[in-house]
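Have a look at the structure below, then the notes.
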Amino acid sequence: MATLLYRLGAFAVRRRWLVLLVWVLLLVGVGGAGIAFKGVMTDSFSIPGTQAQNALTHLNAQIPAAGGASGRIVFAAPSGHTLAEAPYQKAISNVLSGTKGLDKVGVIIPPTAGRSISPTGDVGYAQVQFAGQITEIPVATQNTIASLASANKVDGLRIELGGGAVKQAPSIGSTEGIGVIVALVVLLITFGSVVAAGMTMLTALIGVATGLSGILWVSGFVQMSTTAPILALMIGLAVGIDYALFIVSRHRAQAKAGMKIEESIARATGTAGSAVVFAGLTVLIALAGLSVVGIPFLTVMGLAAAATVLIAVLIAVTLVPALLGFSGDKVLKRSDRAAAAGLRQADIDQHAVVDHAQNPNRWIRMVTRRPALVLFVTVIGMGIIALPTTKLHLALPDDGAGKVGSTKRDAYDLLAGSFGPGFNGPLIVTVSAPPAKLKAAMTQVAADLNALPEKPHAAPAAVSADGTLGVVQVIPATGPSNVATQNLVNDLRSRAAGWEAATGSKVAVTGQTAIQIDVSEKLSSALPIYLLIVVGLALILLLLIFRSIVVPIKAAVGFLLSVGVSFGAVVAVYQWGWLGAIFGTGTASSPSIISFLPILLIGVLFGLAMDYQVFMVSGMREAYVHGADAKRAVVSGFNAGSRVVTAAAIIMTSVFSGFILAPDTIIASIGFALGVGVLADAFLVRMTIVPAVMTLLGKTAWYIPRWLDKVLPRVDIEGEKLLEKLRAEAAAESAEPAALASR
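Counting in the numbering used here, the sequence shown runs from -13 upward without gaps.
So, in structure tokens, the structure goes:
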């Protein structure tokens, strides 16, 4: 592969105008398609075939008004006042009359005393039933409702929106700009060249723009969540910068040593490019592997992010070398350009195998001097941070998981405070029976529900036109994502058979809360399987690359430690509400973590962890193979890779952390989890635990049984065979004139 990439890099340099034109045309074409065919995205999640989804589908067919999307417009009078006062009544009337008649707006039920106005009279809500599902609500309708709410906040009246009345979270926001700025600063410090830093950032942005345009294009044909494009943006931007960073760094080192620019670019593409392709493939496999879970929205999310990573890899091995060709020696600092120009070609070979152990930095000196102590302290510290993971509770997000200060979060809190926490997540019990038996069956089910020890409030709510399907609405005593609500759903389902036998009906539990519980349970059951697949893949890949038994096991254990640290931090901040004022989580009124975050985190962090593992340990292996003792090989490999890995980790953390400020808690928690995970893996695992363990084990770290060494295929991701071939060709060329002269 290295030879193929070497040729590709050389071609990209020679035909750089053509390569640039192809990428520009691709960006424009895909961008145009994205604008033309963009579909409506949703932040609701479901799994076909579950009891809740099947019951909801049947309900939509029989009673469309009950199964369609709904929203709430919440009104709250200031302290000491009630909604019955004239100014507030006029404001409520203005909002509701303006909402009536909007596209897809069906029935509007105004605030009513004793039903939808709190006992104190200061909080009430209007129920808006839409004619269709949430993906069918026009953005113009949501924008108009938001404008009406904003225009009628008179005399201290608060008007907040929840459910379908709220505009869907934007696919692209401005928060990523913070991460980009920090990443650019890190690149400037790392390279000391505006050209090198700017070019690296430019290629990453082109890749992300192309990937996002493609995702928007596909959204016109495939239902997609609002999280999918932002996840793709988050991952695509991070890996796009890092992959370009690896190739540009290798090229700069070679060019600084005096290698010709064109040859250096081709070699960097063949060597560092091979590692980039490997790293990209691991991320691709992990993200595409989300499809094995069997959850459609997660499959689409994973494939969308994987496509963006694929584009980042293709850009790294084509557009990056082309732009390096345009840049010439301007990717070097001025002082380096002068030094490189003065080097002779003969000096270049001296840089082919460099002993990086000559000047170890303070950190690696400390780690290798006291490896046991460093290992003990680091593992114990990571274990402590990971402890909250034992209290991890997974659920899909409701409005209570929104950012503090957002209208959907404020609406949720107002309703929970005035009508009870379960009011925001009603359950629907559908009762199917012949018309003559339906009313009695519904009454019996509602009475039994009200007598349950969980103390829900149940009442018949609607009947189909043909009188064969009825709806019993159940208001739990606890919030939608609370464990007690999940237990209540399971309890109701276990009682369904008894109700059916007693009433001669068919009973099912559905509603958005029940659907979310079904999805969360499916994800929780799939998590161990996916983790096993990812860890198994890591062991196989690293066994092939490093030809060692210990190195893959150590890498997999380190990966699990990083995942544990990330989970622990997420639970503390987003479930327990620690540092809520900083991260905008308040006091965590929805005490749960988004149910698909662990699987996403494992998939993405796996690829990045293997990336850092390769760049750090491959240098150690190279030094060991060339005769260095085990400890010196550790120091040499660390010195060779630590600078690039440090820059890459800081850049990735910066990009991910930029999304913590996103108004959507799903995106914020994913960004936080990935940022913490990358920091832990790069600095605590790869740059601390790995060298400590390698030092303790010595040459045992590189042990592999002879029989296994013989049967394993050779995988060259650092381009060693390519470099040997190029050295042999150079030696043959230099020997030819000498042979002719001797004749």
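The C-beta atom is built at its ideal place from N, Cα and C for all residues, glycine as well.
Output the distance between the C-alpha atoms of residue i and residue j, rounded to the nearest integer angstrom.
| i | j | result |
| --- | --- | --- |
| Gln787 | Leu682 | Here the chain has residues from -13 to 729 only, and residue 787 is not among them. |
| Val679 | Arg320 | 40 Å |
| Ile49 | Lys377 | 40 Å |
| Asp730 | Ile216 | In the structure displayed, the chain extends from -13 to 729; residue 730 sits before or after that span and is not available. |
| Asp396 | Ile370 | 34 Å |
| Val26 | Tyr610 | 55 Å |
| Ile281 | Leu518 | 18 Å |
| Leu284 | Leu273 | 10 Å |
| Ser575 | Asp650 | With a pLDDT of 46 at Ser575, under the threshold of 50, the predicted position of this residue should be treated as unreliable, and no value is reported. |
| Val81 | Thr375 | 45 Å |
| Arg481 | Ile414 | 15 Å |
| Gln336 | Gly388 | Note that Gln336 scores 41 on pLDDT, short of 50, meaning its location in the model is unreliable; the coordinates nonetheless yield the value given after this. Rounded to the nearest angstrom, the two C-alpha atoms are 58 Å apart. |
| Ala293 | Leu513 | 23 Å |
| Thr489 | Gly87 | 41 Å |
| Ala112 | Ser79 | 11 Å |
| Arg479 | Gln37 | 10 Å |
| Val339 | Lys24 | With a pLDDT of only 47 at Val339, under the threshold of 50, the placement of this residue in the model should not be trusted; the figure read from the coordinates follows. In a straight line, the C-alpha of Val339 is about 51 Å away from that of Lys24. |
| Val505 | Ser581 | 8 Å |
| Ile123 | Ala635 | 41 Å |
| Ala432 | Ala654 | 40 Å |
| Ser467 | Asp384 | 7 Å |
| Ile637 | Met187 | 11 Å |
| Glu507 | Ile501 | 10 Å |
How would you write the range of the alpha helix (DSSP H) that residue i sits in, first residue to last?
| i | result |
| --- | --- |
| Ile251 | 247 to 274 |
| Lys540 | 536 to 556 |
| Phe409 | Note, Phe409: premise wrong, no alpha helix (DSSP H); not H, not E. |
| Phe116 | That residue, Phe116, is in no alpha helix (DSSP H); its beta strand (DSSP E) goes 109 to 116. |
| Ile95 | Segment 91 to 95 is the beta strand (DSSP E) holding Ile95; no alpha helix (DSSP H) there. |
| Arg481 | 469 to 489 |
| Gly522 | 498 to 532 |
| Arg395 | 393 to 405 |
| Ile59 | Not the alpha helix (DSSP H): Ile59 falls in the beta strand (DSSP E), residues 56 to 62. |
| Met210 | First-last for Met210: undefined, no H or E at that position. |
The beta strand (DSSP E) that contains residue i, what's its start and end?
| i | result |
| --- | --- |
| Pro446 | 443 to 449 |
| Gln459 | 455 to 461 |
| Gly148 | 144 to 149 |
| Gly20 | Careful: Gly20 lies outside any beta strand (DSSP E), inside the alpha helix (DSSP H) at 2 to 23. |
| Gly222 | Gly222 -> not in any beta strand (DSSP E); alpha helix (DSSP H) instead, spanning 213 to 242. |
| Arg414 | At residue 414 the sequence reads Ile, which differs from the Arg that was named. Residues 413 to 418. |
Thinking C-alpha only, which one of the options is nearest residue i?
| i | options | result |
| --- | --- | --- |
| Ala252 | Gln502, Pro307, Leu276 | Pro307 |
| Thr496 | Trp564, Val701, Asn46, Gly87 | Asn46 |
| Val299 | Met287, Val317, Thr255 | Thr255 |
| Val16 | Thr196, Ala169, Gly544 | Thr196 |
| Lys90 | Ile120, Pro412, Ala616 | Ile120 |
| Ala241 | Leu474, Leu318, Tyr516, Ile366 | Leu318 |
| Ile579 | Gln599, Leu170, Ser83, Phe658 | Phe658 |
| Val460 | Asn473, Asn476, Asn436, Val536 | Asn436 |
| Tyr590 | Lys696, Ile568, Ile675, Thr639 | The sequence shown places Val at residue 590, not Tyr. Of the candidates Lys696, Ile568, Ile675, Thr639, the one whose C-alpha sits nearest the C-alpha of Val590 is Thr639. |
| Met245 | Ala190, Met602, Gly314, Gly288 | Gly314 |
| Ala(-12) | Ile301, Ala258, Val353, Pro584 | Ala258 |
| Leu547 | Glu608, Ile568, Leu670 | Leu670 |
| Phe207 | Ala218, Gly20, Ala62 | Gly20 |
Going by other Cβ atoms of all chains shown within 10 Å of its Cβ, with 16 needed for buried, is residue i buried or exposed?
| i | result |
| --- | --- |
| Arg236 | buried |
| Phe624 | buried |
| Tyr689 | exposed |
| Glu710 | exposed |
| Gln75 | exposed |
| Thr106 | exposed |
| Asn40 | exposed |
| Asn129 | exposed |
| Glu715 | exposed |
| Val166 | buried |
Please confirm whether any heavy atom of the ligand MN lies closer than 7 Å to the CB of residue i.
| i | result |
| --- | --- |
| Gly148 | For the structure depicted, the ligand MN is absent and the ligand set is empty, with no information on it obtainable. |
Cβ atoms of residue j and residue i: under 8 Å apart, would you say?
| i | j | result |
| --- | --- | --- |
| Gly644 | Ile164 | yes |
| Leu(-6) | Val641 | no |
| Ser211 | Gly149 | no |
| Leu69 | Gly110 | yes |
| Ala265 | Gly593 | yes |
| Pro442 | Ala463 | yes |
| Leu380 | Leu509 | yes |
| Ser534 | Ala687 | yes |
| Pro446 | Met428 | yes |
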